[in-house]
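Counting from 1 along the first sequence, just add 64 to a position and that's the residue number in my numbering.
Using N, Cα and C, we set each Cβ at its ideal position, and we do this for glycine too.
As the structure is a prediction and not an experimental result, all values here were calculated from the model.
Here the structure is laid out as structure tokens; the discussion comes afterwards.
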Amino acid sequence: MSKFKDRIIQIVRSIPEGKVASYGQVALIAGYPRGAQQVGWILHIAGGENGTPWWRVINNQGKISTKCIEHTPSIQKRMLEEDGIIVAKNLDIDIEKYRWRPSIKELKKLKLDDEYIYVIESKYNH
DNA sequence: GCTATGACAAGGA
DNA sequence: CTCCTTGCCATAG
Numbered sequence: 065m066s067k068f069k070d071r072i073i074q075i076v077r078s079i080p081e082g083k084v085a086s087y088g089q090v091a092l093i094a095g096y097p098r099g100a101q102q103v104g105w106i107l108h109i110a111g112g113e114n115g116t117p118w119w120r121v122i123n124n125q126g127k128i129s130t131k132c133i134e135h136t137p138s139i140q141k142r143m144l145e146e147d148g149i150i151v152a153k154n155l156d157i158d159i160e161k162y163r164w165r166p167s168i169k170e171l172k173k174l175k176l177d178d179e180y181i182y183v184i185e186s187k188y189n190h
């Protein structure tokens, strides 16, 4: 069990129903600003473990980009719709409308220092 | 330790 | 908007 994996899973599990986050956003909040691609990989091997809502993570262009045969795009689309999120036929999602914007208090619980939390806030709350 | 592989992202054409 | 290039970095072999 790597620290990285645990961290990513922890963040993904804290995404509330009805909200989505991008791979880069999850990586950023987890404390790995440039680990977007690794998030996809972690979800590929660990997605589905202990109730991890892997389907709430999409790319920053608002599209579903899974290629995993265990977790196909159609499955992800259905899971998102069950969360109340509108997904177009071409797998497009209005990410800015549904984007998860964790509060300062929520971020502090993740043991991130104040300066770093400010960076996250300024990036997604403009 | 070194190379190859990406469920990615951002910027240029 | 689409297509392409470059930068990224944890894992697997």
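Please name the residue in the options whose C-alpha comes closest to that of residue i.
i	options	result
G112	N124, C132, Y162, K172	C132
K67	A94, E185, I79	A94
P166	Q89, R142, E134	Q89
L174	N189, Y96, D147	Y96
Y188	S86, K69, S78, M65	S86
What does a CB cutoff of less than 8 Å around residue i pick up in its chain, not counting 5 residues either side in sequence?
i	result
I149	G82, V84, I157, Y162
P80	W164
I168	I181, E185
Give every residue of the same chain whose Cβ lies closer than 6 Å to the Cβ of residue i, excluding the five residues on either side of it in the sequence, and list them in chain order.
i	result
I128	I122, P137, Q140, L155
W118	L107, G111
D147	E81, G82
Are there 16 or more other CB atoms within 10 angstroms of the CB of residue i, so buried, or fewer, so exposed?
i	result
R71	buried
G99	buried
For residue i, which three-state DSSP category applies?
i	result
V183	helix
A152	coil
R163	strand
I122	strand
K127	strand
S138	helix
Straight-line CA distance for residue i to residue j?
i	j	result
E145	H135	15 Å
I109	A152	27 Å
G104	I159	17 Å
Q101	L92	12 Å
I181	Q125	23 Å
V198	E179	There is simply no residue 198 to check, as the chain begins at 65 and stops at 190 in what is shown.
L171	Q74	12 Å
T116	L176	22 Å
M143	R120	9 Å
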